[in-house]
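Participant: The following block contains the structure, expressed as structure tokens.
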Amino acid sequence: MSRVAYVDGQYLPHCSAAVHIEDRGYQFADGVYEVIAVVGGCPLDEEPHLARLARSLVELRITAPMSNAALRVVIREVVRRNGVRDGIVYVQITRGVAARDHAFPATARPVLVVTSRRKRPVDPRAVDAGVAVITIPDIRWQRCDIKSVALLPNVLGKQRAKEDGAFEAWQVDREGNVTEGTSTNAWIVTPNATVVTRQADSAILDGVTRLAVLDIIRREGYNFVERPFSVVEAKSAREAFLTSTVVGLLPVVKIDGVAIGNGQPGLLSRKLRECYLTHEAAAK
Ligand code: PDD
Numbered sequence: 002m003s004r005v006a007y008v009d010g011q012y013l014p015h016c017s018a019a020v021h022i023e024d025r026g027y028q029f030a031d032g033v034y035e036v037i038a039v040v041g042g043c044p045l046d047e048e049p050h051l052a053r054l055a056r057s058l059v060e061l062r063i064t065a066p067m068s069n070a071a072l073r074v075v076i077r078e079v080v081r082r083n084g085v086r087d088g089i090v091y092v093q094i095t096r097g098v099a100a101r102d103h104a105f106p107a108t109a110r111p112v113l114v115v116t117s118r119r120k121r122p123v124d125p126r127a128v129d130a131g132v133a134v135i136t137i138p139d140i141r142w143q144r145c146d147i148k149s150v151a152l153l154p155n156v157l158g159k160q161r162a163k164e165d166g167a168f169e170a171w172q173v174d175r176e177g178n179v180t181e182g183t184s185t186n187a188w189i190v191t192p193n194a195t196v197v198t199r200q201a202d203s204a205i206l207d208g209v210t211r212l213a214v215l216d217i218i219r220r221e222g223y224n225f226v227e228r229p230f231s232v233v234e235a236k237s238a239r240e241a242f243l244t245s246t247v248v249g250l251l252p253v254v255k256i257d258g259v260a261i262g263n264g265q266p267g268l269l270s271r272k273l274r275e276c277y278l279t280h281e282a283a284a285k
């Protein structure tokens, strides 16, 4: 089955789908995006994703190119045309095409792109053995709550992690606190079994997986607190894990080469991963 992309009103062969060279997303990273998981052919947690997309658009004063009802139809059509059962949908909206000038163009129309692909299955070894993270300075802007396509620091951070043989890089603010990973949210479990993740301030993206995991934690009655945690605290945590749409929940067993807990995925991380898989399965 050949892949199909939705680009600015048309369903096109993926291999030849393109936007204009003066699209502001291309020139200024002037756009926003969402990555939504597809489980059994259905978008997972579509409402919080669309709500976050709408919020990102409002924050950047980009007009939504269509209603959420219409966007839901396009998302389903792209998933269907690509025959995706388990994978992701990528939704991107840029401010549109205009002669290059930093200020907003008077007439540009926002451009919507929707693609879908089968997810690379999460490596079972990463689930069973956990993953390593490194820490790096957070060099991003001060509005990381907006899911903007401007991801250069995240790209550089992830590459550094890869070159260091780690799965992810946890970014660290000037106070020595972990903000988040380059494409994931960061969590620890303290020695007294309290789950900690940073509050959803403008230093992090309020992950949809983060929200789902917080719901699970509340429902299951675990202790949790949303507050900053330092690299030092993380290294002496009982457990650590990370979350995102693409990986779900993965245990973290090493930070900068320091083993977390006994160096194995923690009990609570494994339980929460099980609960998250149940949440995913319920979307079908
Ligand atoms: N990234 N933090 C950052 C910086 C992210 O880019 C992401 C997601 C998350 C987790 O958010 P969510 O649970 O809603 O996926 C946190 C997506 C998956 C990406 O850029 O591919």
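Numbers given in the working numbering equal positions in the sequence shown, counted from 1, plus 1. Think of the CB as a built atom: it goes at the ideal place given N, C-alpha and C, for glycine as much as any other residue.
In the DSSP output, which residue or residues are listed as bridge partners for GLU240?
Facilitator: In the sequence shown, residue 240 corresponds to position 239, counting from 1. VAL190.
Participant: So that I know if they touch, is there some Cβ in chain D lying closer than 8 Å to that of LEU72?
Facilitator: In summary, chain D is missing from the structure at hand, where a single protein chain is found.
Participant: Please return the same chain residues whose Cβ sits closer than 7 Å to the Cβ of ARG1, not counting the five positions on each side in sequence.
Facilitator: Given that the chain is displayed from residue 2 to residue 285, the structure contains no residue 1 and the question cannot be resolved.
Participant: Consult DSSP for VAL1 and reduce its assignment to one of helix, strand or coil.
Facilitator: Absent from the model: residue 1. The displayed extent of the chain is 2 to 285, so no value can be given.
Participant: Between the alpha carbons of ARG144 and ARG220, how many angstroms are there, rounded?
Facilitator: The residue you call residue 144 lines up with position 143 of the sequence shown. The residue you call residue 220 lines up with position 219 of the sequence shown. Rounded to whole angstroms, ARG144 to ARG220 spans 30 Å at the Cα level.
Participant: For LYS255, is the classification buried or exposed, using 16 other Cβ atoms within 10 angstroms of its Cβ as the cut-off for buried?
Facilitator: For the purposes of this step, residue 255 is taken as the residue at position 254 of the sequence shown. It is buried - the Cβ of LYS255 has at least 16 other Cβ atoms within 10 Å.
Participant: Helix, strand or coil for GLN1? Go by DSSP, reduced to three states.
Facilitator: Limits of the chain in this structure are 2 at one end and 285 at the other, which puts residue 1 out of reach.
Participant: Between which two residues does the beta strand (DSSP E) carrying GLY158 extend?
Facilitator: In the sequence shown, residue 158 corresponds to position 157, counting from 1. Unbroken run through GLY158 is the alpha helix (DSSP H), 153-164; no beta strand (DSSP E).
Participant: Kindly indicate which three-state DSSP category GLU296 falls into: helix, strand or coil?
Facilitator: The question about residue 296 has no answer, for the chain in this structure spans 2 to 285.
Participant: Could you check whether the Cβ of LEU206 sits closer than 7 Å to any heavy atom belonging to the ligand PDD?
Facilitator: Here residue 206 is taken as the residue at index 205 of the sequence shown, counted from 1. Under cutoff, so the answer is yes.
Participant: Rounded to whole angstroms, how far is the Cβ of SER184 from the Cβ of SER245, which I believe are closer than 8 Å?
Facilitator: Residue 184 sits at position 183 when you count from the first residue of the sequence shown. Residue 245 sits at position 244 when you count from the first residue of the sequence shown. Confirmed, about 6 Å.
Participant: Which residues bound the alpha helix (DSSP H) around TYR277?
Facilitator: Counted from its first residue, the sequence shown places residue 277 at position 276. Looking at the DSSP string, the run of the alpha helix (DSSP H) that includes TYR277 is 268-282.
Participant: Assuming contact is defined by CB atoms lying nearer than 8 Å, are VAL209 and LYS236 in contact in what I supplied?
Facilitator: For the purposes of this step, residue 209 is taken as residue 208 along the sequence shown, with counting starting at 1. For the purposes of this step, residue 236 is taken as residue 235 along the sequence shown, with counting starting at 1. Not in contact: VAL209 and LYS236 (Cβ atoms no closer than 8 Å).
Participant: Excluding the 5 residues preceding and the 5 following ASP129 in the sequence, name in chain order all residues of the same chain whose CB lies nearer than 8 Å to its CB.
Facilitator: As a first step, residue 129 must be located in the sequence shown, where it is residue number 128. Excluding sequence neighbours, ASP129 sits near PRO266.
Participant: Would the beta-carbon of VAL232 fall within 8 Å of that of GLY177?
Facilitator: In the sequence shown, residue 232 corresponds to position 231, counting from 1. In the sequence shown, residue 177 corresponds to position 176, counting from 1. GLY177 is positioned such that its CB atom lies closer than 8 Å to that of VAL232.
Participant: Can you have a look at TRP171 and say buried or exposed, based on whether 16 or more other CB atoms are within 10 angstroms of its CB?
Facilitator: On the sequence shown, residue 171 is found 170 positions in, with the first residue counted as 1. Classification for TRP171: buried.
Participant: Is the CB-CB distance between ILE37 and HIS21 below 8 Å?
Facilitator: Within the sequence shown, residue 37 is the residue found at index 36, counting from 1. Within the sequence shown, residue 21 is the residue found at index 20, counting from 1. Annotated as distal: ILE37 and HIS21, with beta-carbon spacing of 8 Å or more.
Participant: Return yes when at least one heavy atom of the ligand PDD lies under 7 Å from the C-beta of SER245, else no.
Facilitator: As a first step, residue 245 must be located in the sequence shown, where it is residue number 244. Placement of the Cβ of SER245 at a distance of less than 7 Å from at least one heavy atom of the ligand PDD is found.
Participant: Sorry if obvious, but does the Cβ on SER270 come closer than 7 Å to a heavy atom of the ligand PDD?
Facilitator: Numbered from its first residue, the sequence shown carries residue 270 at position 269. Not under cutoff, so the answer is no.
Participant: Looking at the unbroken beta strand (DSSP E) that takes in ALA133, where does it start and where does it end?
Facilitator: By one-based count along the sequence shown, residue 133 stands at place 132. Taken as a continuous stretch (DSSP letters only), the beta strand (DSSP E) holding ALA133 covers 132-138.
Participant: Excluding five sequence neighbours on each side, which residues of the same chain lie with their C-beta closer than 8 Å to the C-beta of ALA194?
Facilitator: Within the sequence shown, the letter at position 193 stands for residue 194. Within the same chain, ALA194 has close Cβ partners TYR223, ASN224, ARG239, LEU269.
Participant: Starting from THR210 and walking both ways along the alpha helix (DSSP H), at which residues does that stretch end?
Facilitator: For this step, residue 210 is matched to residue 209 along the sequence shown. Counting along the chain, the alpha helix (DSSP H) containing THR210 begins and ends at 209-221.
Participant: Let me know the secondary structure DSSP gives CYS16 once reduced to three states.
Facilitator: Position 15 of the sequence shown, counting from 1, holds the residue named residue 16. Three-state result, CYS16: helix.
Participant: Could you tell me the alpha carbon to alpha carbon distance between GLY88 and ARG118, rounded to whole angstroms?
Facilitator: Numbered from its first residue, the sequence shown carries residue 88 at position 87. Numbered from its first residue, the sequence shown carries residue 118 at position 117. For GLY88 and ARG118, the distance between alpha carbons rounds to 6 Å.
Participant: In its own chain, which residues sit with a C-beta less than 8 Å from the C-beta of PRO125, not counting the 5 before and 5 after it?
Facilitator: Sequence index remark: in the sequence shown, residue 125 carries index 124 (1-based). Cβ within range, chain order: n/a, list empty.
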